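Shown next, in structure tokens, is the structure this report addresses.
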Amino acid sequence: MPNPPSRSSLARSLTVDTGAVLLAFLLAALVRSGLVKTIPW
Amino acid sequence: MSNPSEHATTQPVLLRWAGYLPGLALLAGVGLLGKLLEQTINGYCKAHHILFPNIEYVLWAILIGLALGNLVTLPRIFEAGVSTYEFWLKVGIVLLGARFVLGDILKLGGISLILVVIEIAGSLALMLWLGRLFGLRPKLASLLAVGTAVCGVSAIIAARASIDSEDEDSAVAIAAILALGAFALFAFPMIGHALHMGDRAFGVWTGLAVDNTAEAIASGAIYSDTAGKISVLVKTARNAMIGFVVLGFAIYWSRQGLAHKVNNKAAFLVEKFPKFVLGFLAISLLLSAHVFSKPQVAALGNLSKWAFLLTFAGVGLRTNVRRLFDQGIRPLVVGALGEVLIAFLTLGLVLGANAIWGV
Numbered sequence: 001m002p003n004p005p006s007r008s009s010l011a012r013s014l015t016v017d018t019g020a021v022l023l024a025f026l027l028a029a030l031v032r033s034g035l036v037k038t039i040p041w
Numbered sequence: 042m043s044n045p046s047e048h049a050t051t052q053p054v055l056l057r058w059a060g061y062l063p064g065l066a067l068l069a070g071v072g073l074l075g076k077l078l079e080q081t082i083n084g085y086c087k088a089h090h091i092l093f094p095n096i097e098y099v100l101w102a103i104l105i106g107l108a109l110g111n112l113v114t115l116p117r118i119f120e121a122g123v124s125t126y127e128f129w130l131k132v133g134i135v136l137l138g139a140r141f142v143l144g145d146i147l148k149l150g151g152i153s154l155i156l157v158v159i160e161i162a163g164s165l166a167l168m169l170w171l172g173r174l175f176g177l178r179p180k181l182a183s184l185l186a187v188g189t190a191v192c193g194v195s196a197i198i199a200a201r202a203s204i205d206s207e208d209e210d211s212a213v214a215i216a217a218i219l220a221l222g223a224f225a226l227f228a229f230p231m232i233g234h235a236l237h238m239g240d241r242a243f244g245v246w247t248g249l250a251v252d253n254t255a256e257a258i259a260s261g262a263i264y265s266d267t268a269g270k271i272s273v274l275v276k277t278a279r280n281a282m283i284g285f286v287v288l289g290f291a292i293y294w295s296r297q298g299l300a301h302k303v304n305n306k307a308a309f310l311v312e313k314f315p316k317f318v319l320g321f322l323a324i325s326l327l328l329s330a331h332v333f334s335k336p337q338v339a340a341l342g343n344l345s346k347w348a349f350l351l352t353f354a355g356v357g358l359r360t361n362v363r364r365l366f367d368q369g370i371r372p373l374v375v376g377a378l379g380e381v382l383i384a385f386l387t388l389g390l391v392l393g394a395n396a397i398w399g400v
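These protein sequences, in sequence, are chains A and B.
Residue 1 is where the first sequence starts when you use my numbering, and the numbers rise one by one after that.
Residue 42 is where the second sequence starts when you use my numbering, and the numbers rise one by one after that.
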């Protein structure tokens with residue numbers, strides 16, 4: 001059975017998740033404001 | 042000049058950030074090389090009228106990453122940056138929310154909507170049953186089920202992060218989905234013509250049965266323009282379910298862990314619940330509220346694809362082939378068997394609905 005998650009793994013998970021969501025929303029805000037242009041795919 | 046204490050606190054942070062750069066450059070290089078290969082090979086085959094399946098950059102990036110990660114001993118300087126691929130995965134998923142309007146599902150006819158729900162429920166049940174029958178690890182079976190039920194690679198990647206499965210599991214599931222998707226490009230139009238299917242019915246079928254969005258739409262478009270448009274609508278309805286299906290699996294696996302380990306259920310659920318799914322839903326809601334214009338939606342879609350490019354390169358680089366083969370051929374057999382059964386199940390659904398209601 002898996003070990004219970006440690007405090008450090010919880011903190012890391014929260015940091016990565018929160019960071020990813022914040023970056024995504026920052027990018028969305030920048031795109032909406034017209035401040036950045038994306039590289040065409 | 043900065044004082045010594047300031048220098049002591051800022052230097053490690055700067056060094057740590059700089060430590061990510063080599064690996065990030067490697068992720069970008071592998072992903073871009075995969076994209077270049079896709080464009081070059083497809084362009085060459087098209088120019089020389091060679092019939093060759095459209096192999097997406099995803100597969101090339103994973104293959105290049107696998108080769109580099111397993112045949113060459115990469116210096117440790119790349120480790121930190123390569124390990125960020127999960128971060129880019131989550132960024133990509135949140136931004137992907139801009140491609141899925143929950144209201145899109147309403148554009149479909151009621152019958153098509155019912156077929157989508159049946160397909161997702163049937164695929165999930167079938168793949169999980171096959172997984173148990175062939176003795177697959179439950180999380181690998183979950184990934185295959187999500188990949189075949191919803192939208193292929195994106196769904197696998199989304200579920201992989203939500204249920205904390207092994208990298209090898211996602212690589213195997215992705216490889217199976219991509220291989221079968223390339224096969225579908227040829228097989229589906231041939232079957233459709235053999236059965237003299239109407240454009241609308243064929244579009245509904247490819248939208249229901251082909252997993253990766255690009256292959257589903259391409260299969261429809263190969264058949265006819267109308268079939269391609271219907272395929273886009275049905276596939277969008279499937280894609281709109283990604284959040285809900287991933288959410289279901291995340292809760293299911295959280296509860297599995299909860300039953301064995303944790304007394305505080307609320308805290309465990311809060312901990313295990315993937316926060317990026319909320320971000321994904323929030324962006325979807327913003328899109329539904331018309332916060333973004335069309336060009337902005339396209340730009341967010343671009344950013345999502347670039348984030349996934351880094352992710353797919355990382356999946357290959359972080360996959361240990363030796364451990365992959367230790368697992369045996371069963372996952373691929375389950376994937377192929379499940380895909381064939383789902384193709385026939387959905388074909389029966391579409392033909393039945395067509396006969397009764399004229400889909």
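All C-beta atoms, glycine included, are put in the ideal place defined by N, C-alpha and C.
Model, not experiment: these values are computed from the prediction.
Would you mind working out which of the options sits nearest residue i, comparing C-alpha positions?
i                            : options                                : result
leucine 22 of chain A        : B/Thr352, B/Ala354, B/His331, B/Ala323 : B/Ala323
glycine 222 of chain B       : B/Asp208, B/Leu249, B/Ala200           : B/Leu249
tryptophan 101 of chain B    : B/Leu55, B/Gly75, B/Leu390, B/Val374   : B/Gly75
phenylalanine 385 of chain B : B/Ile198, B/Phe229, B/Asp210           : B/Phe229
aspartate 266 of chain B     : B/Lys276, B/Asn253, B/Asp240, B/Ile283 : B/Asp240
leucine 274 of chain B       : B/Pro116, B/Trp294, B/Ile152, B/Gly284 : B/Ile152
glycine 133 of chain B       : B/Asn253, B/Val213, B/Ala268, B/Leu341 : B/Leu341
threonine 15 of chain A      : B/Asn111, B/Cys86, B/Phe128, B/Gln80   : B/Phe128
glutamate 120 of chain B     : B/Arg57, B/Asn253, B/Val99             : B/Arg57
leucine 378 of chain B       : B/Asn280, B/Phe349, B/Phe175, B/Ser334 : B/Phe175
tryptophan 41 of chain A     : B/Ile370, B/Asn343, B/Gly376, B/Val375 : B/Asn343
arginine 32 of chain A       : B/Leu327, B/Val374, B/Leu154           : B/Leu327
Are residue i and residue j touching if we call contact CB-CB under 7 Å?
i                         : j                            : result
valine 135 of chain B     : glycine 320 of chain B       : yes
alanine 162 of chain B    : glycine 172 of chain B       : no
valine 187 of chain B     : valine 71 of chain B         : no
valine 251 of chain B     : alanine 225 of chain B       : yes
leucine 137 of chain B    : serine 345 of chain B        : yes
leucine 177 of chain B    : isoleucine 197 of chain B    : no
leucine 156 of chain B    : leucine 390 of chain B       : yes
isoleucine 215 of chain B : tryptophan 294 of chain B    : no
isoleucine 105 of chain B : phenylalanine 353 of chain B : no
alanine 278 of chain B    : glycine 269 of chain B       : no
lysine 180 of chain B     : serine 206 of chain B        : yes
alanine 20 of chain A     : phenylalanine 317 of chain B : yes
alanine 291 of chain B    : serine 272 of chain B        : no
Quick check on the burial criterion: 16 or more other C-beta atoms within 10 angstroms. Buried or exposed for residue i?
i                         : result
lysine 302 of chain B     : Annotation note: pLDDT 42 at lysine 302 of chain B (below 50); position unreliable, no value reported.
alanine 59 of chain B     : exposed
tryptophan 246 of chain B : buried
tryptophan 398 of chain B : exposed
alanine 88 of chain B     : exposed
isoleucine 146 of chain B : Only weak support exists for where isoleucine 146 of chain B lies, its pLDDT of 44 falling under 50; the value from the coordinates is given anyway. Answer is buried; the Cβ neighbour count reaches 16.
aspartate 17 of chain A   : buried
isoleucine 218 of chain B : buried
leucine 67 of chain B     : buried
leucine 388 of chain B    : buried
methionine 282 of chain B : buried
leucine 55 of chain B     : exposed
proline 372 of chain B    : buried
glycine 84 of chain B     : exposed
methionine 231 of chain B : exposed
lysine 276 of chain B     : buried
threonine 114 of chain B  : exposed
alanine 235 of chain B    : exposed
leucine 112 of chain B    : exposed
alanine 28 of chain A     : buried
arginine 201 of chain B   : buried
I'd like to know whether the C-beta of residue i is nearer than 7 Å to at least one C-beta of chain D.
i                      : result
leucine 341 of chain B : Of the protein chains in the structure, A and B, none is chain D.
Within its chain, find whatever has a CB closer than 6 Å to the CB of residue i; leave out the 5 residues flanking it on each side and keep chain order.
i                      : result
alanine 395 of chain B : One detail in the question is off: residue 395 of chain B reads as asparagine in this sequence, not alanine. Cβ within range, chain order: Ala242.
glycine 233 of chain B : Phe243, Tyr264
glycine 110 of chain B : Leu358
tyrosine 98 of chain B : Gly75, Lys76, Glu79
valine 338 of chain B  : Ala139
leucine 350 of chain B : Gly72
leucine 169 of chain B : Ala182, Ala186
leucine 30 of chain A  : Val36
So does residue i have its beta carbon nearer than 6 Å to some heavy atom of the ligand SAH?
i                      : result
leucine 226 of chain B : Although the ligand SAH was asked about, the structure shown includes no ligands whatsoever.
Enumerate in chain order the residues of its own chain whose CB-to-CB distance from residue i is below 7 Å, with the five nearest sequence positions on each side excluded.
i                         : result
glutamate 380 of chain B  : Thr189, Leu221
leucine 382 of chain B    : Leu167
leucine 65 of chain B     : Gly122, Thr125
alanine 348 of chain B    : Trp129, Val132, Gly133, Leu136
isoleucine 159 of chain B : Leu390
leucine 35 of chain A     : none
Excluding the 5 residues flanking residue i on each side, which residues of the same chain have their C-beta closer than 8 Å to its C-beta?
i                         : result
glycine 289 of chain B    : none
isoleucine 118 of chain B : Gly60, Pro63, Gly64
proline 53 of chain B     : none
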